[in-house]
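For the sequence shown, this note's numbering assigns the number 6 to the initial residue and increments by one for each residue that follows. Positions of the beta carbon are idealized from the N, C-alpha and C atoms, including for glycine. Just so it is clear, the structure is predicted and the values come from calculations on it, not from any experiment. Notes for the one structure printed next.
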Amino acid sequence: MPEIAAPRGTRDILPDEFAARRWLLETHRNVVESFGYRPIETPVIESTELFSRGVGTDTDVVEKQMFTFQDRGARSLTLRPEGTAGVLRAVLSAHLDQEVRPVRVHYAGPFFRAERPQAGRQHQFTQVGVECIGERSPELDAEIIEIAWRLFEALGISGVQLQVNSLGSPEDRARYRAALVAYYTPLEASLDDDCRRRLHTNPLRLLDCKRDAALVERAPVIWDSLESASRAHLTAVLRDLEAAGIDAIRNDRVVRGLDYYSDTVFEFWHDLLQGAQSSLGGGGRYDGLAELLGFPATPATGYALGVERILILGRALGTIPAAEPAADVLVCSVEPGQSEAAADMARLLRGSGPRTVLDVAERRLDRKLRNATRIGARVAVIIGENEMASASAVVRDLDGRNQQTVPVAELADSVLRILRGSA
Ligand code: HAM
Numbered sequence: 006m007p008e009i010a011a012p013r014g015t016r017d018i019l020p021d022e023f024a025a026r027r028w029l030l031e032t033h034r035n036v037v038e039s040f041g042y043r044p045i046e047t048p049v050i051e052s053t054e055l056f057s058r059g060v061g062t063d064t065d066v067v068e069k070q071m072f073t074f075q076d077r078g079a080r081s082l083t084l085r086p087e088g089t090a091g092v093l094r095a096v097l098s099a100h101l102d103q104e105v106r107p108v109r110v111h112y113a114g115p116f117f118r119a120e121r122p123q124a125g126r127q128h129q130f131t132q133v134g135v136e137c138i139g140e141r142s143p144e145l146d147a148e149i150i151e152i153a154w155r156l157f158e159a160l161g162i163s164g165v166q167l168q169v170n171s172l173g174s175p176e177d178r179a180r181y182r183a184a185l186v187a188y189y190t191p192l193e194a195s196l197d198d199d200c201r202r203r204l205h206t207n208p209l210r211l212l213d214c215k216r217d218a219a220l221v222e223r224a225p226v227i228w229d230s231l232e233s234a235s236r237a238h239l240t241a242v243l244r245d246l247e248a249a250g251i252d253a254i255r256n257d258r259v260v261r262g263l264d265y266y267s268d269t270v271f272e273f274w275h276d277l278l279q280g281a282q283s284s285l286g287g288g289g290r291y292d293g294l295a296e297l298l299g300f301p302a303t304p305a306t307g308y309a310l311g312v313e314r315i316l317i318l319g320r321a322l323g324t325i326p327a328a329e330p331a332a333d334v335l336v337c338s339v340e341p342g343q344s345e346a347a348a349d350m351a352r353l354l355r356g357s358g359p360r361t362v363l364d365v366a367e368r369r370l371d372r373k374l375r376n377a378t379r380i381g382a383r384v385a386v387i388i389g390e391n392e393m394a395s396a397s398a399v400v401r402d403l404d405g406r407n408q409q410t411v412p413v414a415e416l417a418d419s420v421l422r423i424l425r426g427s428a
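Following this line, the structure appears as structure tokens:
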């Protein structure tokens, strides 16, 4: 029978990769919590409507990338392609915004999009993100951008480019959409099928058309469609970022792939990531989303970052910490008859701190000691016939290669001395 493989577009995360993931997830948690953000977790499955209404039916995500299925009651469910709609639903249905405003939350977890898999693009991927819900101010847009920026600093990831734009108010956007349609309609014949469709369904996405870069280059820019209030909002965000020492690049072409944005939008790019996968993360303000989901109007802003893409960068830049060894100590017996005593000693050692593996396999002692080195243990504790008889154990320093016999009562101290490097 053929071996069963992991589904297309998914990856197993093996033990050696966890040091890197933990480093990223824990650094993210430390940074966001230093800004007063609290954790939240929402379901991985949501009603399909959350995304069709929230993200927008004319977006690539909803049109082509969702894993949607029916539950046993014929309700349509979707594996979440993004976190913002679910987090907003959770916060507003629990009325958290009536206790404190804004509600500052952060999250991490798996997300699902059926995009063509390649390096940095998977069917199942991981995002970390924050959402700041309940207030509208440029300071909060700058705050979330600063959080992501501090994360990259804390991770030692240099060379991140922050691209910022404004999508203005709904009226600004309607004006801009009309300007784009007026510009592209006479050029319709030169567009590929996908972009011709965008002209009729979601003209803003025409700015992502790849076939003819010069066409995009000459297209109208959104700044010209923005009312003065929208311009003032973006200007204030840029001023706050400058005051925080963060270099922002104003980029008229950043329109984002999800429909819920208004005013500030941004993306983090890096030259070491290629092509469509160059975006480490992005976000922006989404003041209209709450109403689309049936809740009272509630302004909000947030970001999400792609964990796998940050790890690709961390690897390329050499900032990822080495994998952690599995254990500090390996306890083993020479003969099977001593395995109970060995188990007792392992328990005793774990109780005093060191990570301890018990090796009860029936194999020669030299094999067990080789195994100890493989799992990264620095100390081996060996129990044989003599040790059983004298309530003692052999403690071997695997780095120094010296060993001594110690009474059980002194075992933990003796092991800890070696681990602290002062044996
Ligand atoms: P997004 O730009 O669609 O935004 O996704 C954020 C990041 O998730 C991307 O920049 C990328 O790093 C990562 N990502 C997306 N799709 C994949 C994939 N197929 N494979 C690997 N990584 C991927 C959002 O999801 C918004 N919810 C962000 C937000 C939060 N806006 C406001 N609040």
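- Starting from His111, follow the alpha helix (DSSP H) in both directions and report where the run begins and ends. Numbered from its first residue, the sequence shown carries residue 111 at position 106. Note, His111: premise wrong, no alpha helix (DSSP H); beta strand (DSSP E) at Val108 to Phe117.
- Item | Through-space distance from Ala11 to Asp17, alpha-carbon basis | By one-based count along the sequence shown, residue 17 stands at place 12. By one-based count along the sequence shown, residue 11 stands at place 6. Cα to Cα, the separation comes out at about 8 angstroms.
- Query: Out of Ala382, Asp229, Phe72 and Leu285, which has the shortest C-alpha to C-alpha gap to Gly14?
  - Reply: Position 9 of the sequence shown, counted from the first residue, corresponds to residue 14. Of the candidates Ala382, Asp229, Phe72 and Leu285, the one whose C-alpha sits nearest the C-alpha of Gly14 is Phe72.
- Query: Short check: CB of Ala305 to CB of Ile45, under 8 angstroms?
  - Reply: Along the sequence shown, one-based indexing puts residue 305 at 300. Along the sequence shown, one-based indexing puts residue 45 at 40. No, these two residues do not count as a Cβ contact at 8 angstroms.
- Item | Distance between Ala327 and Thr131 (C-alpha atoms, nearest Å) | As a working note, residue 131 is residue 126 in the sequence shown. As a working note, residue 327 is residue 322 in the sequence shown. Their Cα atoms are separated by approximately 21 angstroms.
- Look up Thr190 in the DSSP assignment and say whether it is helix, strand or coil. Counting from 1 along the sequence shown, the entry for residue 190 is found at position 185. Helix at Thr190.
- Indicate whether Ala332 and Val362 have their beta-carbon atoms separated by less than 8 angstroms. The count along the sequence shown starts at 1 and reaches residue 332 at position 327. The count along the sequence shown starts at 1 and reaches residue 362 at position 357. Going by C-beta atoms, Ala332 is nearer than 8 angstroms to Val362.
- Query: Should Ser310 be listed as close to ligand 1, given that the test is whether its C-beta is under 7 angstroms from any heavy atom?
  - Reply: As a position in the sequence shown, residue 310 is number 305, starting the count at 1. In the sequence under discussion, the amino acid at residue 310 is Leu, which differs from the Ser named in the question. Under cutoff, so the answer is yes.
- Task: Grab the span of the alpha helix (DSSP H) containing Ser98 for me, first residue to last.
- Result: Here the question's residue 98 lines up with position 93 in the sequence shown. Taken as a continuous stretch (DSSP letters only), the alpha helix (DSSP H) holding Ser98 covers Thr89 to Ser98.
- Item | Outcome for Glu392 when other beta-carbon atoms lying within 10 angstroms are tallied against a minimum of 16 | By one-based count along the sequence shown, residue 392 stands at place 387. By the neighbour-count rule (16 or more Cβ atoms within 10 Å), Glu392 is buried.
- Item | Beta-carbon spacing of Ile152, Val36 below 8 angstroms | To locate residue 152, count along the sequence shown from 1; it is residue 147. To locate residue 36, count along the sequence shown from 1; it is residue 31. Taking 8 angstroms as the Cβ cut-off, Ile152 and Val36 qualify as a contacting pair.
- Task: Establish whether the CB of Leu322 and some CB of chain B are separated by less than 8 angstroms.
- Result: Included in the structure is just one protein chain, with no chain B present.
- Query: How would you label Gln409, buried or exposed, when you count the other beta carbons within 10 angstroms and need 16 or more for buried?
  - Reply: Taking the sequence shown and counting its residues from 1, the one referred to as residue 409 is at position 404. With fewer than 16 Cβ atoms within 10 Å of its Cβ, Gln409 is classed as exposed.
- Item | Contact set for Pro440: own chain, Cβ-Cβ below 6 angstroms, skip 5 residues either direction | Given that the chain is displayed from residue 6 to residue 428, the structure contains no residue 440 and the question cannot be resolved.
- Query: Which residues in the same chain as Glu367 place their Cβ atom closer than 7 angstroms to its Cβ, once the five residues preceding and following it in sequence are excluded?
  - Reply: In the sequence shown, the residue the question calls residue 367 occupies position 362. Excluding residues within five positions, the ones whose Cβ falls inside 7 angstroms are Pro341.
- Within 7 angstroms: the Cβ of Glu120 and any heavy atom of ligand 1? Locating residue 120 in the sequence shown gives position 115, where the first residue counts as 1. Yes - ligand 1 has a heavy atom lying nearer than 7 angstroms to the Cβ of Glu120.
- Query: Rounded to a whole number of angstroms, what is the C-alpha to C-alpha distance between Gln166 and His275?
  - Reply: Within the sequence shown, residue 166 is the residue found at index 161, counting from 1. Within the sequence shown, residue 275 is the residue found at index 270, counting from 1. Taking the straight line joining both Cα atoms gives about 6 angstroms.
- Task: Compare the Cα-Cα distances from Gly293 to each of Ala253, Thr47 and Gly59 and report the closest residue.
- Result: Within the sequence shown, residue 293 is the residue found at index 288, counting from 1. Answer by Cα proximity: Gly59.
- Message: Please tell me whether, using a cut-off of 7 angstroms, the distance from the CB of Thr89 to the nearest non-hydrogen atom of ligand 1 is below it.
- Response: Along the sequence shown, one-based indexing puts residue 89 at 84. Correct: Thr89 has its Cβ closer than 7 angstroms to ligand 1.
- Going by the beta-carbon positions, is the gap between Pro208 and Ser267 smaller than 8 angstroms? Here the question's residue 208 lines up with position 203 in the sequence shown. Here the question's residue 267 lines up with position 262 in the sequence shown. No, the pair does not count as a contact, with Cβ atoms beyond the cut-off.
- Item | Collapsed DSSP secondary structure at Ala428 in the structure displayed | One-based indexing of the sequence shown puts residue 428 at position 423. Because the pLDDT of Ala428 is 46, which lies under 50, any placement of that residue in the model is unreliable, and the number read from its coordinates should be weighed accordingly. The answer is coil: DSSP assigns Ala428 none of H, G, I, E or B.
- From the DSSP output, in three-state form, read off Cys214 for me. For the purposes of this step, residue 214 is taken as the residue at position 209 of the sequence shown. Coil, per DSSP.
- Task: Determine the DSSP secondary structure at Glu272, reduced to helix, strand or coil.
- Result: On the sequence shown, residue 272 is found 267 positions in, with the first residue counted as 1. Correct three-state label for Glu272: strand.
- Burial state of Gly88 (16 or more Cβ within 10 Å): Here the question's residue 88 lines up with position 83 in the sequence shown. The residue in question, Gly88, is buried, as its Cβ has 16 or more Cβ neighbours within 10 Å.
- Message: With a threshold of 7 angstroms on Cβ separation, who are the neighbours of Asp146 within its own chain once the five nearest residues in sequence on each side are excluded?
- Response: As a position in the sequence shown, residue 146 is number 141, starting the count at 1. Closer than 7 angstroms at the Cβ level, and outside the excluded window around Asp146, lie Val242, Thr269, Arg290 and Thr306.
- Query: Terminal residues of the continuous alpha helix (DSSP H) containing Gly319?
  - Reply: One-based indexing of the sequence shown puts residue 319 at position 314. Val312 to Leu322 is the span of the alpha helix (DSSP H), which, as asked, contains Gly319.
- Of the choices Ala295, Asn256 and Ala90, whose alpha-carbon is the least far from that of Leu212? For the purposes of this step, residue 212 is identified with residue 207 of the sequence shown, where counting begins at 1. Out of Ala295, Asn256 and Ala90, Asn256 has the C-alpha closest to the C-alpha of Leu212.
- Item | Delimiting residues of the beta strand (DSSP E) encompassing Gly356 | Position 351 of the sequence shown, counted from the first residue, corresponds to residue 356. No beta strand (DSSP E) holds Gly356; the alpha helix (DSSP H) holding it covers Ser344 to Gly356.
- Hey, would you say Arg383 sits closer than 8 angstroms to Leu424, going by beta carbons? Taking the sequence shown and counting its residues from 1, the one referred to as residue 383 is at position 378. Taking the sequence shown and counting its residues from 1, the one referred to as residue 424 is at position 419. Yes, they are a contact pair.
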